[in-house]
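Read the structure below first, then the notes.
Protein chains: 2
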Amino acid sequence: MSTETRDILLQAARSAVQAHGYNALSFRELAKEVGIKSASVHYHFPTKGDLAAALARQYADEAATFLDELRASTQDHAQLVAGYTAAFRKALENDNRMCLCGIMTAEYDDLPAAVRVEVDRFTSVNTRWLADMLGRRRPQESLQALESQALAVFAAIEGAQLIARGREDVGTFDRIIAAYVAAGLFG
Amino acid sequence: MSTETRDILLQAARSAVQAHGYNALSFRELAKEVGIKSASVHYHFPTKGDLAAALARQYADEAATFLDELRASTQDHAQLVAGYTAAFRKALENDNRMCLCGIMTAEYDDLPAAVRVEVDRFTSVNTRWLADMLGRRRPQESLQALESQALAVFAAIEGAQLIARGREDVGTFDRIIAAYVAAGLFG
DNA sequence: ACCTGAACACCGTTCAAGT
DNA sequence: ACCTGAACACCGTTCAAGT
Numbered sequence: 001m002s003t004e005t006r007d008i009l010l011q012a013a014r015s016a017v018q019a020h021g022y023n024a025l026s027f028r029e030l031a032k033e034v035g036i037k038s039a040s041v042h043y044h045f046p047t048k049g050d051l052a053a054a055l056a057r058q059y060a061d062e063a064a065t066f067l068d069e070l071r072a073s074t075q076d077h078a079q080l081v082a083g084y085t086a087a088f089r090k091a092l093e094n095d096n097r098m099c100l101c102g103i104m105t106a107e108y109d110d111l112p113a114a115v116r117v118e119v120d121r122f123t124s125v126n127t128r129w130l131a132d133m134l135g136r137r138r139p140q141e142s143l144q145a146l147e148s149q150a151l152a153v154f155a156a157i158e159g160a161q162l163i164a165r166g167r168e169d170v171g172t173f174d175r176i177i178a179a180y181v182a183a184g185l186f187g
Numbered sequence: 188m189s190t191e192t193r194d195i196l197l198q199a200a201r202s203a204v205q206a207h208g209y210n211a212l213s214f215r216e217l218a219k220e221v222g223i224k225s226a227s228v229h230y231h232f233p234t235k236g237d238l239a240a241a242l243a244r245q246y247a248d249e250a251a252t253f254l255d256e257l258r259a260s261t262q263d264h265a266q267l268v269a270g271y272t273a274a275f276r277k278a279l280e281n282d283n284r285m286c287l288c289g290i291m292t293a294e295y296d297d298l299p300a301a302v303r304v305e306v307d308r309f310t311s312v313n314t315r316w317l318a319d320m321l322g323r324r325r326p327q328e329s330l331q332a333l334e335s336q337a338l339a340v341f342a343a344i345e346g347a348q349l350i351a352r353g354r355e356d357v358g359t360f361d362r363i364i365a366a367y368v369a370a371g372l373f374g
């Protein structure tokens, strides 16, 4: 069942980190929310870094699954772009939260190595998918150019989410994405 | 003189926040670095929020001055773009740090209102300058379209900085900016 | 297998007290 | 005007002890 304490902890921690980041995550608050003592949280996750690594790992896995399904669902470029950006929009819709890995990237200096690995993997999953999508439109393009463009698209969307979050306004996200589309950033 | 305790505190705090963010900023570490006790830091800045607000205010002021000078220095579009992006590159060159307001935006939910005001002002200063720059190239464009494009450029650059920081590689920033230029994002 | 209370060194903040 | 030590309620972490 997915109602085990460990999974409940992960779910609560994910919400907290997407809202406040890694540094602000508190084992004591988390424990209170779940109904156990903070010392018990350490039974499931020895350190805060272990919790965050599990969180980021799960997040990257889910992203990979989502992107596989999205790619399989359509060949239409505009629909792929719409499906991709909609995923980042959802975080903002969810109480002005951010992409888990986006907010953790801002705290990169404070992340344990095991967490960094998973955050980096999330980026790889995204940029590989984007490079593949861009490559279908421009099959003659070099792999290096596609990877640079994919990284640019990923960075631009994370940035749009960051700025929109700072304004507490999803409409800002939409306007920025529309400007990206108009400029031809998505190929 | 700029060697007063208050200014030394501001300088040390700025470095710390640009590296680790608002939440990770510690009055006790700051005090140790400056050579006073943490209780004394509260004499200069009653709360952590007061310190961060002063920090962000100073940062936004400096940005406004820098941008005024940049605008006065040249009419050439490519040079304006180069000068603008170079400013964000500098933070990365400085031990992989981030834009003070960029990293604080990621922690937006935890910022006191007085800090948010200054972070928002930094964004305004930037987007107004960008809209003006973009408007010189396309005088016939509507103000609304220019503001949306300006916000998009700002978001894209903050995102580029965020992703490059996560890779601890300034070259990533350069590649992403080059992709933006190639796509025509800067007009 | 899972949870707990108590302890440790941290944190921001307050305040009475010093110079 | 500027600084301090001591106290307060917080924090992550450890560990011996419980069931």
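In the order they appear, the protein sequences are chains A and R. Taking my numbering, the leading residue of the first sequence gets 1, the next gets one more, and so forth. Taking my numbering, the leading residue of the second sequence gets 188, the next gets one more, and so forth. Yeah, the Cβ is synthetic: ideal placement off N, Cα and C, and Gly gets one too.
With distance defined between alpha-carbon atoms, name the residue in the options nearest to residue i.
{"i": "T123(A)", "options": "R138(A), D95(A), E141(A) and I157(A)", "result": "I157(A)"}
{"i": "E355(R)", "options": "L267(R), A206(R) and L196(R)", "result": "A206(R)"}
{"i": "P112(A)", "options": "T47(A), V41(A) and A183(A)", "result": "T47(A)"}
{"i": "A52(A)", "options": "Q11(A), L185(A), A86(A) and T85(A)", "result": "Q11(A)"}
{"i": "P139(A)", "options": "V181(A), G187(A) and R121(A)", "result": "G187(A)"}
{"i": "A72(A)", "options": "R137(A), Q144(A), W129(A) and Q149(A)", "result": "W129(A)"}
{"i": "T5(A)", "options": "H44(A), A39(A), V125(A) and D68(A)", "result": "H44(A)"}
{"i": "S225(R)", "options": "A265(R), A251(R) and A200(R)", "result": "A200(R)"}
{"i": "A64(A)", "options": "Q79(A), I36(A) and V125(A)", "result": "V125(A)"}
{"i": "A78(A)", "options": "R137(A), G171(A), R121(A) and I103(A)", "result": "R137(A)"}
{"i": "E62(A)", "options": "V170(A), C101(A), T3(A) and G171(A)", "result": "C101(A)"}
{"i": "D282(R)", "options": "I223(R), T190(R) and V357(R)", "result": "V357(R)"}
Tell me the residue span of the alpha helix (DSSP H) that contains residue i.
{"i": "E168(A)", "result": "Where E168(A) is concerned, there is no enclosing alpha helix (DSSP H), given that its DSSP letter is neither H nor E."}
{"i": "L111(A)", "result": "L111(A) -> no alpha helix (DSSP H), and no H or E assigned at all."}
{"i": "I223(R)", "result": "Unbroken run through I223(R): none, as it is neither H nor E."}
{"i": "F88(A)", "result": "H77 to E93"}
{"i": "G236(R)", "result": "K235 to S260"}
{"i": "Q18(A)", "result": "T5 to H20"}
Does the separation of the CB atoms of residue i and residue j fall below 7 Å?
{"i": "A278(R)", "j": "R284(R)", "result": "yes"}
{"i": "A347(R)", "j": "A155(A)", "result": "yes"}
{"i": "V340(R)", "j": "A243(R)", "result": "no"}
{"i": "L333(R)", "j": "L321(R)", "result": "yes"}
{"i": "R352(R)", "j": "Y108(A)", "result": "yes"}
{"i": "A318(R)", "j": "G184(A)", "result": "no"}
{"i": "T314(R)", "j": "L338(R)", "result": "yes"}
{"i": "V41(A)", "j": "A54(A)", "result": "no"}
{"i": "T74(A)", "j": "I177(A)", "result": "no"}
{"i": "G49(A)", "j": "V117(A)", "result": "no"}
{"i": "G270(R)", "j": "L257(R)", "result": "yes"}
{"i": "R362(R)", "j": "S148(A)", "result": "yes"}
I'd like the list of long-range same chain contacts for residue i, defined as Cβ closer than 7 Å, with 5 residues on each side in sequence excluded.
{"i": "I8(A)", "result": "V34"}
{"i": "C286(R)", "result": "F275, A278, E345 and Q348"}
{"i": "Q173(A)", "result": "A quick correction: the sequence has Phe, not Gln, at residue 173(A). Result list for F173(A): R89, L92, A160, Q161 and A164, in chain order."}
{"i": "D297(R)", "result": "Y209 and N210"}
Leaving out five residues before and five after residue i in sequence, what residues of the same chain have Cβ atoms less than 6 Å from its Cβ?
{"i": "A16(A)", "result": "L25"}
{"i": "V268(R)", "result": "F373"}
Taking 6 Å as the cut-off, does the CB of residue i come closer than this to any heavy atom belonging to the ligand HEM?
{"i": "D132(A)", "result": "As for the ligand HEM, it is missing from this structure, which has no ligand bound."}
Tell me which same chain residues have a C-beta within less than 8 Å of the C-beta of residue i, skipping the five on either side of it?
{"i": "I36(A)", "result": "T5"}
{"i": "A104(A)", "result": "The residue asked about is misnamed: residue 104(A) is Met in this sequence, not Ala. V17, G21, Y22, A52, A56, L111, V115 and V119, listed in sequence order."}
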